[in-house]
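Student: Numbering (my numbering), first residue to last: 37 to 370. Glycine included, every Cβ here is placed at the ideal spot set by N, Cα and C. Note that the structure is predicted; figures quoted are calculated from it, not measured. Can you keep this structure in mind? I'll have questions shortly.
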């Protein structure tokens, strides 16, 4: 590789290690048993100490290395000095060795917008559904998602005991503390990080597709309503998977567990979709609103994905064409 890496590659490299640091923070908070839960707009919109610390870590780490980028995080946090132990200064050498796609090679810091969801699937995190949890860092240029990093803090982790009430804290703290390594497969590591960039590819997972002609739809676990249900039904799915987290649902697509992510509701935000969209696009997939229109990730756009989310690995037009008119009327495209 000649010369120094392009700015965007250096940013992705730093985002990778920042996401891994955030994943460690998410595990440590759970380990402590002190989740620090507060309701933002209601019982289904929560924030924990892990959300707050992970966002502080990601934003401070990236800002220190790239002071001219715009960073938009999910959590509204007060301006305060960030503890040095939250700062991640490392980089992924593997990413720096990749060749930057020509169209992004000359980008400047001030042209890049970073969308951060420090803990996607917070409600599931508080309920012990840890496989639903992800850390999302998306990078946008010219309104398009051009790179994304997804960390799964609890990948390879399975809670085999029903967790209820106070038993939840004791059991999860014990398992995360690795006192019961049988919860992990032989030689399996806890947590993983995947990343991708259109024109370069996606890394950190094995791309798979749903076998045969089965239509498997993944949709919201805790934010359903009649519009969501009607839209899912209109897809005539053979199976419906209801799980938490937008990042988790995109992982379902790229690992062959689902054919489409259907969410006919304005509940999703730009920080939920920027990183997953970049990774999905890197492997030939597509993410749009319910009208089939692309979302814009400029710094000044509205944060809400008000026209819902429709994502697929293949055959996007089939799903777009099956969206009911009632849904299209209710969800105005931006």
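1) Comparing C-alpha positions only, which one of 97, 108, 149, 279 sits nearest to residue 50?
2) Mapping the DSSP letters down to three states, classify residue 325 as helix, strand or coil.
3) Quickly, what does DSSP pair residue 231 with across the bridge? List them, please.
4) Do the stretch 304–312 and the stretch 337–351 touch if we need at least three Cβ pairs shorter than 8 Å?
5) Check this for me: beta carbons of residue 298 and residue 267, under 8 Å apart or not?
6) When the Cα of residue 46 is compared with those of 158, 72, 67, 126, which residue comes out closest?
7) What are the partner residues of residue 82, as DSSP defines its beta bridges?
8) Within the same chain, show all residues whose beta-carbon is closer than 8 Å to that of residue 319, passing over the 5 residues directly before and after it, in chain order.
9) Report, in whole angstroms, the separation of the C-beta atoms of residue 161 and residue 169, which I expect to be a contact under 8 Å.
10) Check whether the Cβ atoms of residue 314 and residue 174 sit closer than 8 Å, and answer yes or no.
11) Does the Cβ of residue 381 have 16 or more other Cβ atoms within 10 Å, making it buried, or fewer, making it exposed?
12) In whole angstroms, give me the CA-to-CA distance for residue 255 and residue 277.
13) Taking Cβ to Cβ, would you say residue 91 is nearer than 8 Å to residue 110?
14) Pick from 69, 311, 132: whose alpha carbon is nearest that of residue 85?
15) Kindly give me the distance between the Cβ atoms of residue 108 and residue 335, rounded to whole angstroms, as I take these residues to be in contact under 8 Å.
16) For residue 315, report the span of its alpha helix (DSSP H) as first-last.
17) For residue 300, tell me which candidate among 284, 180, 347, 136 has the shortest Cα-Cα distance.
18) Just to confirm, are residue 135 and residue 82 a CB contact at a threshold of 8 Å?
19) Quick check: residue 283 and residue 131, are their CB atoms within less than 8 Å of each other?
20) Thinking just about the alpha-carbon of each residue, which of 171, 230, 44, 172 is nearest to the one in residue 101?
21) Going by beta carbon distance, what residues of the same chain come within less than 6 Å of residue 106, once the five residues before and after it are set aside?
22) Taking just the CA atoms, how far does residue 151 sit from residue 364?
23) Determine the burial state of residue 279: buried for a count of at least 16 other Cβ atoms within 10 Å of its Cβ, exposed for fewer.
24) Going by the beta-carbon positions, is the gap between residue 52 and residue 309 smaller than 8 Å?
25) What distance in whole Å lies between the Cβ atoms of residue 124 and residue 57, which are believed to be in contact at a cut-off of 8 Å?
26) Using the Cα positions of residue 190 and residue 235, report the straight-line distance between them to the nearest angstrom.
27) Would you list the residues sitting across from residue 244 in a DSSP beta bridge?
28) Can you give me the Cβ contacts of residue 166 inside the same chain, cut-off strictly under 6 Å, excluding the 5 residues immediately before and after it?
29) So residue 294 packs on residue 253, CB below 8 Å; how close in whole Å?
30) In whole angstroms, what is the alpha-carbon distance linking residue 273 and residue 181?
31) Quick one, are the C-beta atoms of residue 155 and residue 62 less than 8 Å apart?
32) Ordered along the chain, which non-local residues of its own chain (more than five positions away) have a Cβ less than 6 Å from that of residue 324?
33) For residue 348, write down the residues that DSSP places opposite it in a beta bridge.
34) Note down, one range per segment and in chain order, each beta strand (DSSP E) of at least 3 residues found wholly within the stretch 107–156.
Tutor: Taking the structure as given:
1) 97
2) coil
3) 185, 239
4) yes
5) yes
6) Out of 158, 72, 67, 126, 126 has the C-alpha closest to the C-alpha of residue 46.
7) 75
8) 232, 237, 238, 243, 290, 349
9) 5 Å
10) yes
11) In the structure as shown, the chain starts at 37 and stops at 370, and residue 381 therefore has no counterpart that could be examined.
12) 6 Å
13) yes
14) It is 69.
15) 7 Å
16) 306–318
17) The shortest C-alpha separation from residue 300 is found at 347.
18) no
19) No, Cβ-Cβ distance for residue 283 and residue 131 is not below 8 Å.
20) 44
21) 149, 335
22) A direct Cα-Cα distance of roughly 27 Å separates residue 364 from residue 151.
23) Of the residues assessed, residue 279 falls on the buried side of the cut-off, its CB having 16 or more other CB atoms within 10 angstroms.
24) Cβ distance not < 8 Å, so residue 52 and residue 309 don't count as in contact.
25) 4 Å
26) 29 Å
27) 291
28) 190, 193
29) 7 Å
30) Cα-Cα distance, rounded: 29 Å.
31) yes
32) 330, 346
33) The partner list for residue 348 (beta bridge, DSSP) reads 296, 322.
34) 148–156
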